[in-house]
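Single-structure report; data block below.
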Amino acid sequence: MAETLTRRRFLGKTGFIACGATVVVAGGLAGRAWEQGSLGNIYGGPAFEPWRAWRSGRHRGSLAVVAAAILASNPHNSQPWLYRVGERRVELFADPARNLGTIDPFRREMHLGLGCAVENMALAARGLGYRPHVALRPHPAHGALIARVDLTESAPEASVHFRAIPERHTNRAAYERGRLLPRVVLSAFGAQVASPDTRLILLDAASAEGTLFAEATVHATRQFVADAEMSRDSHRWFRHALDEVNRYRDGVTTLAAGLPESTLRLALMMPRRLIGDPGQAWLAATRDRHCRTAPMFGLIAVRNPADVTQLFEAGRLWQRVHLEAVGQGVAMQPLNQLMEIADRERALGRSPEAARHLARMVGDDRFRTVFGFRCGYAVRPAPPSPRRGVNAVLIA
Ligand SMILES: Cc1cc2nc3c(=O)[nH]c(=O)nc-3n(C[C@H](O)[C@H](O)[C@H](O)COP(=O)(O)O)c2cc1C
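Letter by letter, the sequence shown follows residues 181 to 576 of the numbering used here.
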């Protein structure tokens, strides 16, 4: 049966941009849906194989540690990592080619994402029966070598965070604004801070600081979208069609946009040129969904953002907080537009407006914000995002 939707209504529902034409969803699109796999199991393709591989315990020893590392949170799903494995050792290298360009001029996000991978490596090692010895930047002169993890056999320690590794997904759906996080959950997040150089700041969305975070984030998103270079560098990592997702196995996807399943399947049937400008869709989603529905925002701050080991620690902290959230049934989504615009202002020598907002929210001039997020109870669970497999990230 043919169903007719005005394109404005459809795009409004999905968060894609609105314009006036009419779209007929009929046989042609259904054919395309089969081609794209959107009527079948969307998550059955090779891009999602690393999640299945981890669950099934396909890899052993050092390779299993890598199999966990690649499931970590990372900026724009750029997966900026490479690994070298030995019998009882894994070395993590930055892959500088997978940088975000003008979005991340000081590689703050890249280093945070590498810190997330380190946390998964340490957790996985313990869960798999090794005592990990983690050395961050063991040879400072070798800038690309981020961490060396030496493994000594020990009793397996399947912690709550270890078990949460394959369940942790960024949730971009609406959250229940009126449902506040209990104090015990907030304390559990606070307990993840492990370094005196790192702080976690939680902001009630209704507070002055929470309101500032939301307003400044929407403003920063508008600035980002209006910035041709940042938009270009962001679109480079945007994947829409399923065949693209399964070919590249990286990037930010329509699948992970937080849409209801029926809307998502419709969106996947549409060619990229019909879904409109992803920048405008992102701005609308940030304003109307991400910021408006969140009951709480969070910041991670460090004493010295120029010290990459502090950024690794901040990344490890984010990964722990997100894994802790899985066990607590709490959804999370990083929101870093404000930090990205602060970096952009600095790179271009502009007045540090975004940095001033961030300083007000932290309220402690010994610390600088390097990461932001929202948290709450989501209206639907988040799906996995694509990953390149272990073999694609190994170096000799
Ligand atoms: C440093 C860093 C910055 C991020 N910034 C954002 C962001 O601003 N908005 C967002 O939706 N996700 C952000 N993310 C989440 C990533 O996009 C996400 O981790 C990646 O796409 C992989 O998906 P997964 O977390 O579901 O495995 C960020 C993650 C990291 C580590």
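Just so it is clear, CB atoms sit at the ideal spot from N, CA and C, and this is done for glycine as well.
Of the residues assessed, Thr332 falls on the exposed side of the cut-off, its CB having fewer than 16 other CB atoms within 10 angstroms. Distances from the CA of Leu574 to each of Pro260, Thr397 and Leu303 were compared; the closest alpha carbon is that of Pro260. At a threshold of 6 angstroms, Asn257 counts as near ligand 1, since its beta carbon sits closer than that to one of the ligand's heavy atoms.
With a 10 Å radius around the Cβ and a threshold of 16 neighbouring Cβ atoms, Pro276 comes out exposed. Looking at the DSSP output, Ile381 sits in a beta bridge with Leu479. Remark: the C-beta of Gln499 is outside contact range of ligand 1, defined as less than 6 angstroms to any heavy atom. Looking at the DSSP output, Gln513 shares a beta bridge with Arg554. Apart from the 5 residues on each side of it in sequence, Leu463 sits with its Cβ closer than 8 angstroms to the Cβ of Val398, Thr401, Arg402 and Val405 in its chain, given in chain order. Taking a contact as a CB-CB distance under 8 angstroms, the pair Ala368 and Gln508 counts as one, their CB atoms being some 6 angstroms apart. With a threshold of 6 angstroms, the Cβ atom of Glu289 counts as near ligand 1, since some heavy atom of the ligand is closer than that.
Bridge pairing for Phe273: Leu262 and Leu325 [DSSP]. Judged by DSSP in its simplified three-state form, His313 adopts strand. Between the stretch 437-444 and the stretch 358-368, the count of Cβ pairs shorter than 8 angstroms is below three; the stretches do not touch. Distances taken from the Cβ of Thr350 to the heavy atoms of ligand 1 include one shorter than 6 angstroms. Between Ala304 and the set Arg416, Val550 and Pro346, the nearest pair of CA atoms involves Pro346. Relative to ligand 1, the beta carbon of Ser414 is positioned no closer than 6 angstroms to any heavy atom.
The closest CA to that of Thr473, considering only Ala494, Glu520 and Gly556, is found on Gly556. With a cut-off of 8 angstroms on Cβ pairs, the stretch 312-326 is not in contact with the stretch 518-532, counting fewer than three such pairs. When the Cα atoms are used, Val510 and Arg560 turn out to be separated by approximately 11 angstroms.
Taking 4 residues as the minimum length, the alpha helix (DSSP H) runs contained wholly in the stretch 395-477 are 408-415, 422-428, 441-449 and 458-465, in order along the chain. Closer than 6 angstroms to some heavy atom of ligand 1: that does not describe the Cβ of Asn279. In terms of side-chain proximity, the C-beta atom of Gly293 is found nearer than 6 angstroms to a non-hydrogen atom of ligand 1. Contact annotation: the stretch 290-308 touches the stretch 253-273, with at least three C-beta pairs closer than 8 angstroms. Sorting Glu493, Thr434, Ala576 and Gly370 by C-alpha distance to the C-alpha of Ala465 places Thr434 at the top. The stretch 476-488 makes contact with the stretch 372-387; the number of CB pairs closer than 8 angstroms reaches 3 or more. Shortest gap from the CB of Leu444 to any heavy atom of ligand 1: 6 angstroms or more.
Nearest C-alpha to Arg235 among Arg419, Glu389, Phe342 and His420: Phe342. The alpha carbon of Phe547 has as its nearest neighbour, out of Arg328, Gly529, Ser531 and Asp487, the alpha carbon of Asp487. Fewer than three pairs of CB atoms, one per stretch, sit closer than 8 angstroms, so the stretch 525-540 makes no contact with the stretch 406-420. A distance below 7 angstroms separates the beta carbons of Pro564 and His349.
Burial is judged here by how many other beta carbons sit within 10 angstroms of a residue's own beta carbon; Gly281 has fewer than 16 and is exposed. Excluding five sequence positions before and after Arg352, the CB atoms of its chain that fall closer than 8 angstroms to its own CB belong to Ala436, Ala437, Gly438, Ala465, Arg469, His470, Gln513 and Ala562, given in chain order.
Taking each of Val265, Leu422 and Arg554 in turn and checking the Cα distance to Gly220, the smallest one comes out for Leu422. Residue pairing of Thr332 in beta bridges, as defined by DSSP: Arg311.
Straight-line spacing of the CA atoms in Tyr223 and Ala385 works out to 33 angstroms. For the pair Ala252 and Phe551, the Cα-to-Cα distance works out to about 16 angstroms.
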